[in-house]
Amino acid sequence: FLAALSFSYFSKTLSGTIMKSSITQIERRFDLTSSTVGFIDGSFEMGNLLVIAFVSYFGAKLHRPKVIAVGCFTMALGSLLTAMPHFFMGYYKYETTSHAASSANLTSSVSPCSVHQDVNETLLEASQSGCEKEPSSNMWIYIFLGNMLRGIGETPITPLGISYLDDFAREEDVPVYVACLHTIAMLGPMFGFLLGSLCAKLYVDIGFVDLGSISITPQDSRWVGAWWLGFLIGGVTSFLAALPFCFLPKNLKKPEKANNDKTSYGLLENMGTTRNKLTPAKPKPRKWSIILKGKWFARYFYTSLKKVLSNRMYFTLLCCSLLQFSSFIGFLTYKPKYMEQQYGQSTSKSNFLIGLTSLPPVGIGIFLGGLIMKKCKMSIIGAARFAFIMSFLAYVTTLLHFFVGCEHRENQGLKVTGCYFFLDKPIPYHENALFSECNSDCKCTSDVWDPVCGDNGLTYVSACLAGCKTSVGHGKNIVFHNCSCLEASSSWTGNNSATLGQCPKGEDCSKKFIYYTVIQVISGFCYALGGTPSYMIMFRCVQPELKSLAVGLYTLIMRMLAGIPAPVYFGALIDKTCLKWGSTSCGQRGACRLYDSNAYRYVYLGLSVVLRGPSYLIAIIFYMLVKKHFGNKNSRPTENGE
C-alpha cells in the first residue's frame, strides 16, 4: 500500500506541475489573457472543493483503496481531457508578415514592403475566410474542465491514504511512512518542470509540419511548445497509479502491538501534538446515518466550528497563512513567465531552471526544518519563533529581486511614460509612433507582431515597419537588408540589416539573472526551513478533538481564498503592463507579445511583497498569544521530544 500510495503522490504532483509549466504555452495557443489563464489554473482548486466534504465524511466508511483508485482514474481522465483540444484545433498559425518569404522553397530576394503592399488585400481576405473555418476560441473550456476533473480525482488520495496507513501500521512506523510519501512527492514537481522544459522545446505541431518552414524560435513570444504532450504523459502516469489500488483489501491485519483504540488522529498525535490532559469525555457512539438525519450533527458541527474560530491563536495563524499563501501561489504561477519577460529566457529554459535550482533547496529545507525541530526538542514557543525568523529572513532576501531586474529595452514606438500601477485599462502603445518617414512608402500594418532585430540593437515590430527593402534566406534564416529606418537612425552608422526575432538581452542582464537565481535558492531554502515548524504549530494551538476540523477548515480557506483568486488578480495586474497585444486571424486581440519589463517587475514583485508584508505584523500578534498561553508551561519537562 505504501508503494502504491507513494506512486500516486508522485503522479498527482507531476500532473500539477505540468499544468504550472504549461501556463505560458496555453496562453499563447488559445490567445488568452493572463487573468483568464489564472482562472483556468484555479479550476483545480474548484474541483477539489466540490468533493472535499463528501470525501472527508464518507470516505472512511467506504473501501478506501478503491476510492483512491477511482480518484487516480479521474485524474487520468482529466489530464487526457486537458490535452484533447490540441487534436481538434488544427495546426497552430502564428502571426507573421513574411508569408511569401517563409514559404519559398529556395533562397530568394524579397522586399517586405512591396510584398506586403501588393498582397495586403489578398492576405486579409484569406485570413477572414479562414477565420470562419477555425474551431471556436472557446476550446480552452476543455482545459478548464479537465483541470477541474483532475482536482476532483486528487481529493481522496491524501486523507484516505494517510488514514489507511495510520489505522493499519504500527504507531512508531507511521512518521517514517509519511516521510517517505513527502520525499517521493517532492520528486513530482522536479520531474514535472523538467518534462515541461522538454515539451516547451518541441514545436506544438511536431511530426505534422515541416519544421524547416517555421520562422520562429523557442525564444520568440509567439512560440508554442508541445504543451499537450506533458498532459498525455501525466494521464498515463495517473492511470498506472490507479491499478495497484484495485487489488488491495479494504482492511489489513493490524499489528500485534497496535493499540486497540488507535484512530486516524494518532498520526497527528505522533507528529508531536500537545497532549491535553483535560480531554473532555468522549460522546456516546452513534451510527453515522442517525447523526446525519438528526439535529445532533448540525448542533455538534456548529459548536465545534465556533470553538475553532473563536480560538485567537488559530484565527491569527489562519489570517497570516492566508496572506502568505496568496503571495506564494500567485508568485509561483507566473514565475516562468517572469523569467521569460524579465531576463529573456525561453519557456523551456525557465522550466528547466525551476526544476533544477528552486525545488531541491525547498525539499532540503523542509527536511532540515523537521530535523532541527526534533533535535532541539522545540516547544511551541520555540517553533513559532524559529518559523517567524526563517520566514522573515526569506522575505528580506526576496526584496533583493527589485535590484537585479533588467531594464526595459527600447523598442520601436513602444514606450511608456507616467505611472502604470493604477491604470483602468492596459497600457496603450501609440500606433502612430510606429510610422515615420522612413517606412511611409511601405504601407505597413501595425496589428501584426513579427519582430526583427536591427543591427543597431533596436527591436522593430516587423521588417516592413523597419523599412527593409530586400530579404534573403528561408525560414528562421531570413536576413533583411537595406532597412531605411536603420539608416534614419542618427546614432547608427553600421550595417542596415535586420534578423528575425526580438533583440537579445545584454550581457549585464545575464549576470543579473545569475544573481536572481542565487537569491531564489537562498530565499526558498530559508522559507522551507521554517515550513515544518509553522505547520506543526497549527496542530498544537487547538484542542486535540478539534484537530481534524481545524486542518480541514485551514485547507478549505487556503484553497478557496488563496488558491482560486490569487492567480486571477496576479494575472489581471500583469495584463496591465502589456505594451503590444497579438492579433488572431479573425482580427481580434490575442495574447500579449511584449511587456514593459520595469512595469512587470514592479507589479509582479510588488504585489507579492505587499501581500506578505502585513502577514508578519499578524505573526507578531500570534507569537505574543502563543507566548502568553504556553509561557507558564516552559518549565515542564518535555514529553516525546516536544
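Okay, so the sequence shown: first residue is 1 according to UniProt numbering, each after it adds one.
Think of the CB as a built atom: it goes at the ideal place given N, C-alpha and C, for glycine as much as any other residue.
Practice task
On a CA-only basis, which of Gly344, Tyr602, Arg385 is nearest Phe331? Give me that one, please.
Solution key: Tyr602
Exercise for the section: Check the DSSP bridge columns for Tyr460 and list the partner residues they point to. Expected result: According to the DSSP secondary-structure assignment, Tyr460 is paired through a beta bridge with Val452.
Handout entry: Through-space distance from Tyr92 to Gly473, alpha-carbon basis
Key = 23 Å
Problem - Alpha-carbon spacing of Ile389 relative to Phe1, whole angstroms - result: 38 Å
Practice task
Using the DSSP secondary-structure output, state which residues sit across from Ser346 in a beta bridge.
Solution key: BP columns for Ser346 are empty, so no partner.
Problem - For Val224, three-class secondary structure by DSSP - result: In the three-state scheme derived from DSSP, where H, G and I count as helix and E and B as strand, Val224 is classed as coil.
Problem - Contact check, Leu458 vs Cys406, beta carbons under 9 Å - result: In this structure, Leu458 lies away from Cys406, with their beta-carbon atoms at least 9 Å apart.
Practice task
Whole angstroms is fine: what's the gap from Pro565's alpha carbon to Gly42's?
Solution key: 7 Å
Problem - Segment contact flag, the stretch 545 to 558 with the stretch 298 to 318, C-beta cutoff 8 Å, min 3 pairs - result: yes
Exercise for the section: With DSSP collapsed to three states, give me the class of Phe208. Expected result: Note: Phe208 maps to coil in three-state DSSP.
Practice task
Starting from Cys578, follow its DSSP beta bridges and name the residues at the other end.
Solution key: Tyr595
Exercise for the section: Please go through the same chain and pick out, in chain order, the residues whose beta-carbon is closer than 6 Å to the beta-carbon of Met271, but skip the five residues on each side of it. Expected result: At Met271, the pLDDT of 38 sits below 50, so the modelled position is not reliable; the number obtained from the coordinates is stated separately. Around Met271: no qualifying Cβ.
Practice task
Check whether the Cβ atoms of Thr36 and Trp140 sit closer than 9 Å, and answer yes or no.
Solution key: yes
Handout entry: Backbone secondary structure at Tyr604 - three-state DSSP
Key = helix
Problem - Per DSSP, the bridge partner or partners of Ala498 - result: Assignment of beta-bridge partners to Ala498 by DSSP yields Gly454, Phe480.
Handout entry: Any non-hydrogen atom of the ligand NAD within 8 Å of Leu607 CB
Key = Ligands in the displayed structure: none, and consequently the ligand NAD is not present.
Problem - Residues bridged to Ser583 (per DSSP) - result: Arg589
Handout entry: Meets three-Cβ-pair contact criterion under 8 Å: the stretch 556 to 564 and the stretch 345 to 360
Key = Touching, no.
Practice task
Check whether the stretch 17 to 33 touches the stretch 223 to 230, taking contact to mean three or more Cβ pairs, one atom from each stretch, closer than 8 Å.
Solution key: yes
Problem - Where Cys468 falls: helix, strand or coil (DSSP) - result: strand
Handout entry: Selection from Gly475, Lys476, Leu317, Cys485 that minimises the alpha carbon distance to Cys464
Key = It is Cys485 whose Cα lies nearest to the Cα of Cys464.
Practice task
Name, in chain order, the residues that DSSP records as bridge partners for Tyr569.
Solution key: Paired residues: none, contrary to the question.
Handout entry: Exposure label - Leu5; buried when at least 16 CB within 10 Å
Key = Leu5 comes out buried.
Handout entry: Counted within 10 angstroms of its Cβ, other Cβ atoms place Ile157 as buried (16 or more) or exposed
Key = buried
Practice task
Count the other C-beta atoms from every protein chain shown that fall within 10 angstroms of the C-beta of Cys442, then say buried if there are 16 or more, exposed otherwise.
Solution key: buried
Handout entry: Selected residue, minimal CA-CA separation from Phe315, among Ile519, Val518, Asp450, Met538
Key = Distance check between Phe315 and each of Ile519, Val518, Asp450, Met538 places Met538 closest, using alpha-carbon atoms only.
Exercise for the section: Find the nearest neighbour of Arg612 within the set Tyr343, Val362, Ser534, Cys320, judged by alpha-carbon distance. Expected result: Cys320
Practice task
State the CB to CB distance for the pair Leu14 and Thr237, rounded to an integer number of angstroms; the pair is presumed to be in contact (CB under 8 Å).
Solution key: 6 Å
Problem - Completely contained alpha helix (DSSP H) runs for the stretch 11 to 90, where each covers 4 or more residues - result: 23 to 29, 34 to 41, 43 to 58, 64 to 83
Exercise for the section: Determine the closest residue to Phe392 out of Val609, Ser221, Ile233, with distance taken between C-alpha atoms. Expected result: Val609
Exercise for the section: Give, in chain order, every unbroken run of the alpha helix (DSSP H) that is at least 4 residues long and sits entirely within the stretch 327 to 412. Expected result: 335 to 343, 347 to 353, 359 to 375, 380 to 398
Handout entry: Buried or exposed by the 16-neighbour rule on C-beta atoms within 10 Å, applied to Ala3
Key = exposed
Handout entry: C-alpha gap between Ala528 and Pro361, whole angstroms
Key = 8 Å
Problem - Gly501 and Cys444 closer than 9 Å at C-beta - result: No, the Cβ-Cβ distance between Gly501 and Cys444 is not below 9 Å.
Handout entry: Contact check, Thr82 vs Tyr142, beta carbons under 9 Å
Key = yes
Practice task
On a CA-only basis, which of Ala394, Phe239, Ala200, Ile620 is nearest Arg222? Give me that one, please.
Solution key: Ala200
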